[in-house]
Amino acid sequence: MNRPADLIIHNAHVHTVDPDLPRAQAVAVRDGEIAWVGADDGWTAWLGPDTEVVDARGRLLLPGFIDAHNHVRLGSDAACVQLAGARTLEEIGARIGAWLERHPDAAWVEAEAFDYSAIPDGRMPTAADLDAFTGDRPALVLSYDVHTAWLNTAALRLLGIDASTRQTPYGTVQKDPETGQPTGFLTDFAVRGLSRDGHRALRAAGVPWAHPDRQYQRLGVSLDMAARYGITTVVEPQNSLDDLELFDRAAAEGRLRSRLVAALFHPRGTTEAELAEFAETATRYDGDRMRVGPLKLYIDDVVEPHTAALLEPYAGHAHHRGETFYPPAEFATTVASLDAAGFQLFVHATGDRGIRTVLDAFEHARAVNGPRDARHQVVHVECLDPADVDRFAQLDVVACMQPRHCAPDIAGPGQDWAEAVGEERWTKAWPLRTLHASGARLAFSSDWNVAEMDPMVGLYTAVTRKAPGGGPAWMPDETVDLATAIHGYTMGSAWANFLDDRLGSITVGKQADLVLLSRDLFAVADPREILDTVVELSTVGGQTVIRL
Numbered sequence: 001m002n003r004p005a006d007l008i009i010h011n012a013h014v015h016t017v018d019p020d021l022p023r024a025q026a027v028a029v030r031d032g033e034i035a036w037v038g039a040d041d042g043w044t045a046w047l048g049p050d051t052e053v054v055d056a057r058g059r060l061l062l063p064g065f066i067d068a069h070n071h072v073r074l075g076s077d078a079a080c081v082q083l084a085g086a087r088t089l090e091e092i093g094a095r096i097g098a099w100l101e102r103h104p105d106a107a108w109v110e111a112e113a114f115d116y117s118a119i120p121d122g123r124m125p126t127a128a129d130l131d132a133f134t135g136d137r138p139a140l141v142l143s144y145d146v147h148t149a150w151l152n153t154a155a156l157r158l159l160g161i162d163a164s165t166r167q168t169p170y171g172t173v174q175k176d177p178e179t180g181q182p183t184g185f186l187t188d189f190a191v192r193g194l195s196r197d198g199h200r201a202l203r204a205a206g207v208p209w210a211h212p213d214r215q216y217q218r219l220g221v222s223l224d225m226a227a228r229y230g231i232t233t234v235v236e237p238q239n240s241l242d243d244l245e246l247f248d249r250a251a252a253e254g255r256l257r258s259r260l261v262a263a264l265f266h267p268r269g270t271t272e273a274e275l276a277e278f279a280e281t282a283t284r285y286d287g288d289r290m291r292v293g294p295l296k297l298y299i300d301d302v303v304e305p306h307t308a309a310l311l312e313p314y315a316g317h318a319h320h321r322g323e324t325f326y327p328p329a330e331f332a333t334t335v336a337s338l339d340a341a342g343f344q345l346f347v348h349a350t351g352d353r354g355i356r357t358v359l360d361a362f363e364h365a366r367a368v369n370g371p372r373d374a375r376h377q378v379v380h381v382e383c384l385d386p387a388d389v390d391r392f393a394q395l396d397v398v399a400c401m402q403p404r405h406c407a408p409d410i411a412g413p414g415q416d417w418a419e420a421v422g423e424e425r426w427t428k429a430w431p432l433r434t435l436h437a438s439g440a441r442l443a444f445s446s447d448w449n450v451a452e453m454d455p456m457v458g459l460y461t462a463v464t465r466k467a468p469g470g471g472p473a474w475m476p477d478e479t480v481d482l483a484t485a486i487h488g489y490t491m492g493s494a495w496a497n498f499l500d501d502r503l504g505s506i507t508v509g510k511q512a513d514l515v516l517l518s519r520d521l522f523a524v525a526d527p528r529e530i531l532d533t534v535v536e537l538s539t540v541g542g543q544t545v546i547r548l
């Protein structure tokens, strides 16, 4: 006689993501683990007087979503002017003006999510553009991808940025080619401004956005969203050692309801002493609910401001191809050294030359150190040259990708991404199907707050290559089927983060991280119904997190 289950979900379409038992109708959970999976006539054997029984009424039961690249610590900040959807410079100004009317005593104007395409004539923004809306009050505006920052003249003055300043701890200062004066536009903000030194410098300068309390507010909101969306494991891809206390606080206050994997940021120049501290920290944070350990590196930046590294010049440019943050030989040596030390690496790479440089480095590490189960990741893989497709599977490197990014309203025709690379390179854009067909391991994610956190948005985009608001598909030959997309958000991301032995599928013996959706996605007549689907029940380790 089986000891009774704590929870039984029956009358479900159980999509297990387990090839040994792909489909079932019922699941029994006991002591936080999946105790039984099977047909709907077998669950009564697990019934006891205290068993909670959920009738799924034919809805879809999945493993909990694992978001392999989700900036919950960065998040979205309600104290900022919200610029998402502002398509013109005038609209940006109107939103800032309305915010200032509501906050007349604000010491700073801080805004987020400006879209590069809102700036006229395909140029980057300037302090003068912002001065017209903010006057002599300092202003900091972050791009939607948080890779660039836009300052007004008052902020440049307060931060001490002038013609002699090339670099700050929080970004690279762009200069007017004729006058040599700073334009107010900073690149590399994601690399520098989100680093330990960058945050400390912004905080010391009195920028409110960088204050720990504001950081914690952003984190708390993001963690609540992750729970609501059935994201039972969050991979936070870029943190300094200073940031870990924010997660400790969230755990202590009950805000950390999802599991968490936190990667530590490894900027160029990281010392041996810092690496030793990273390794020691990983041994302290190695629990069931929170783990620290992978390292995050950058090889290039982003396409829209022409800071990603391309094999051929940007469209409309004779020579400019972007730059890598490391010379290729130095990067290969760095990767080999970190690989030899046993670190798992997440490497941001968006341009085709950046991606190739990373794959070359991983190949070098295997040649020097020998193959091992490293599960290194290339993160984003936005513009991939066909010659490098098969190398992912050959090197056993994970393609950690964000399906939402490839929708036409973000990257397609008329948007800065598509215009920057030129139409002849559009076939290289987020080649989900091509990579999957090659045998590459795909891990899917949201890249919140660059895009929506909701996995339903990611699934919809993966299977349609359309914008959530409708319209034509962009590069539809690179869609994937629903089962492949779900695998990317479950077992694919579990494997990518060394969690596949206990998460990622509905398999007996694994942790009971489950999500019950409001409909069966495999039965919808129109893919747009995916966008209206919500998580009605989620569990982490058998404990209910969300119940509608």
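Here UniProt numbering is used: the first residue of the sequence shown is 1, the next is one more, and so on. Note that the Cβ used here is the ideal one computed from N, Cα and C, for glycine as well. Nothing here was measured: the structure is a model prediction, and the numbers come from that model.
Please report the residue range of the alpha helix (DSSP H) in which T357 lies. Position 357 of the sequence shown holds residue 357. Element bounds for T357: 352-369.
Grouping DSSP H, G and I as helix and E and B as strand, with all else coil, what is E52? Locating residue 52 in the sequence shown gives position 52, counting from the first residue. DSSP places E52 in strand when its eight states are reduced to three.
Can you list, in chain order, the residues of its chain with a C-beta nearer than 6 Å to that of D390? Leave out the 5 residues immediately preceding and following it. For the purposes of this step, residue 390 is taken as residue 390 along the sequence shown, with counting starting at 1. Within the same chain, D390 has close Cβ partners S438.
Pick from H320, V72, R547, L359: whose alpha carbon is nearest that of L345? Translated into positions along the sequence shown, residue 345 becomes position 345. It is L359.
Buried versus exposed, by CB contacts within 10 Å (16 or more), H320: Translated into the one-based positions of the sequence shown, residue 320 becomes position 320. That one is exposed.
Could you tell me whether the Cβ atoms of H13 and L60 are closer together than 7 Å? In the sequence shown, residue 13 corresponds to position 13, counting from 1. In the sequence shown, residue 60 corresponds to position 60, counting from 1. A contact, by the Cβ cut-off of 7 Å.
Helix, strand or coil for W108, going by three-state DSSP, please let me know. Residue mapping note: residue 108 aligns to position 108 of the sequence shown, counting from 1. Three-state result, W108: coil.
Going by CA-CA distance only, name the one from G38, E33, E112 that's closest to A24. Position 24 of the sequence shown holds residue 24. The option with the nearest alpha carbon to A24 is G38.
Do A107 and T136 have their beta-carbon atoms positioned less than 7 Å apart in this structure? For the purposes of this step, residue 136 is taken as the residue at position 136 of the sequence shown. For the purposes of this step, residue 107 is taken as the residue at position 107 of the sequence shown. For clarity, residue 136 is Asp in the given sequence; the question names Thr instead. No.
Reducing DSSP to helix, strand and coil, say where A462 ends up. Mapped onto the sequence shown, residue 462 falls at position 462. Reduced to three states, the DSSP call for A462 is helix.
Taking T324 and A309 to be in contact with their CB atoms under 8 Å, please state how far apart those CB atoms are, rounded to whole angstroms. Along the sequence shown, one-based indexing puts residue 324 at 324. Along the sequence shown, one-based indexing puts residue 309 at 309. Right, the Cβ-Cβ distance comes to about 5 Å (below 8 Å), so this counts as a contact.
Any 3 or more C-beta pairs closer than 8 Å across the stretch 28-35 and the stretch 539-548: yes
Opposing strand residues paired with I231 [DSSP bridges]: Taking the first residue of the sequence shown as 1, we reach residue 231 at position 231. Answer by DSSP bridge pairing, in chain order: F65.
I need the DSSP call for Y216, collapsed to helix, strand or coil. Position 216 of the sequence shown, counted from the start, is the residue given in the question as residue 216. Y216 falls in the helix class under three-state DSSP.
Thinking R192 and G171 are a contact (beta carbons under 8 Å), I'd like their distance in whole angstroms, please. Looking up residue 192 in the sequence shown gives position 192. Looking up residue 171 in the sequence shown gives position 171. Rounded, the Cβ-Cβ distance is 5 Å, consistent with contact.
Which residues bound the alpha helix (DSSP H) around S337? As a position in the sequence shown, residue 337 is number 337, starting the count at 1. Start and end: 328-340.
When you compare the CB positions of D500 and V302, do they come within less than 7 Å of one another, or not? Residue 500 sits at position 500 when you count from the first residue of the sequence shown. Residue 302 sits at position 302 when you count from the first residue of the sequence shown. One thing to note: D500 has its Cβ no nearer than 7 Å to the Cβ of V302.
Judging by CA-CA distance, which residue of D477, P455, A473, A496 is the nearest neighbour of A485? Start at 1 with the first residue of the sequence shown, and residue 485 comes out as number 485. The shortest Cα separation from A485 among D477, P455, A473, A496 belongs to P455.
CA-CA distance, L223 and A318? Residue 223 sits at position 223 when you count from the first residue of the sequence shown. Residue 318 sits at position 318 when you count from the first residue of the sequence shown. Whole-angstrom Cα-Cα distance: 45 Å.
Could you tell me how far apart the beta carbons of A210 and H199 are, in whole angstroms, since I believe they sit closer than 8 Å? As a position in the sequence shown, residue 210 is number 210, starting the count at 1. As a position in the sequence shown, residue 199 is number 199, starting the count at 1. Contact holds; Cβ gap of about 5 Å.
Specify, as a first and last residue, the run of the beta strand (DSSP E) that I9 falls within. Sequence index remark: in the sequence shown, residue 9 carries index 9 (1-based). Segment 7-10, the beta strand (DSSP E) holding I9.
Under 7 Å, do A113 and A84 count as touching if we go by C-beta distance? As a working mapping, residue 113 is identified with position 113 in the sequence shown. As a working mapping, residue 84 is identified with position 84 in the sequence shown. It is a contact, given that the beta carbons lie within the stated cut-off.
For I8, which residues from the same chain have a beta carbon less than 8 Å from its beta carbon, with the 5 sequence-adjacent residues on both sides left out? Start at 1 with the first residue of the sequence shown, and residue 8 comes out as number 8. Once the five neighbours on either side are set aside, the close Cβ partners of I8 are A26, V27, A28, V29, W43, W46, L47, T51, E52, V53, V54.
Grab me the residues of P476's own chain with a C-beta within less than 7 Å of its C-beta, minus the 5 sequence neighbours each way, in chain order. Numbered from 1 along the sequence shown, position 476 holds the residue referred to as residue 476. If we look at P476 and ignore the five residues flanking it on each side, its Cβ neighbours are R465.
Can you name the residues that DSSP bridges to A429? Residue mapping note: residue 429 aligns to position 429 of the sequence shown, counting from 1. DSSP lists C383 as partners of A429.
Any chance the stretch 288-303 sits against the stretch 522-536, with 3 or more Cβ pairs inside 8 Å? no
How would you call F522, buried or exposed, if buried means at least 16 neighbouring beta carbons within 10 angstroms? The sequence position of residue 522 within the sequence shown is 522, counting from 1. It counts as exposed.
Residues bridged to L260 (per DSSP): Counting from 1 along the sequence shown, the entry for residue 260 is found at position 260. DSSP output for L260 lists V234, M290 as bridge partner(s).
DSSP on R391, reduced to helix/strand/coil? Taking the first residue of the sequence shown as 1, we reach residue 391 at position 391. R391 falls in the helix class under three-state DSSP.
What separation, rounded to the nearest whole angstrom, lies between the Cα atoms of G184 and A128? Start at 1 with the first residue of the sequence shown, and residue 184 comes out as number 184. Start at 1 with the first residue of the sequence shown, and residue 128 comes out as number 128. Roughly 8 Å between the two C-alpha positions.
Taking 7 Å as the threshold (C-beta atoms), are I66 and A494 in contact? Stepping through the sequence shown from its first residue, residue 494 is reached at position 494. Stepping through the sequence shown from its first residue, residue 66 is reached at position 66. Yes. Within cutoff.
Is the beta carbon of H306 sitting closer than 7 Å to the one on G316? Start at 1 with the first residue of the sequence shown, and residue 306 comes out as number 306. Start at 1 with the first residue of the sequence shown, and residue 316 comes out as number 316. No, these two residues do not count as a Cβ contact at 7 Å.
Check each candidate in P431, W426, P237, R257 and name the one with the smallest Cα separation from Y314. Translated into positions along the sequence shown, residue 314 becomes position 314. Closest option to Y314, Cα to Cα, is W426.
Burial state of A451, where buried means 16 or more other Cβ atoms lie within 10 Å: For the purposes of this step, residue 451 is taken as residue 451 along the sequence shown, with counting starting at 1. Burial call: buried.
Give the secondary structure of C400 by DSSP, where H, G and I count as helix, E and B as strand, and everything else as coil. Taking the sequence shown and counting its residues from 1, one reaches residue 400 at position 400. C400 falls in the strand class under three-state DSSP.
Which word fits R214, buried or exposed, when buried means at least 16 other C-beta atoms lie within 10 angstroms of its C-beta? Here the question's residue 214 lines up with position 214 in the sequence shown. R214 is buried by the Cβ-count criterion.
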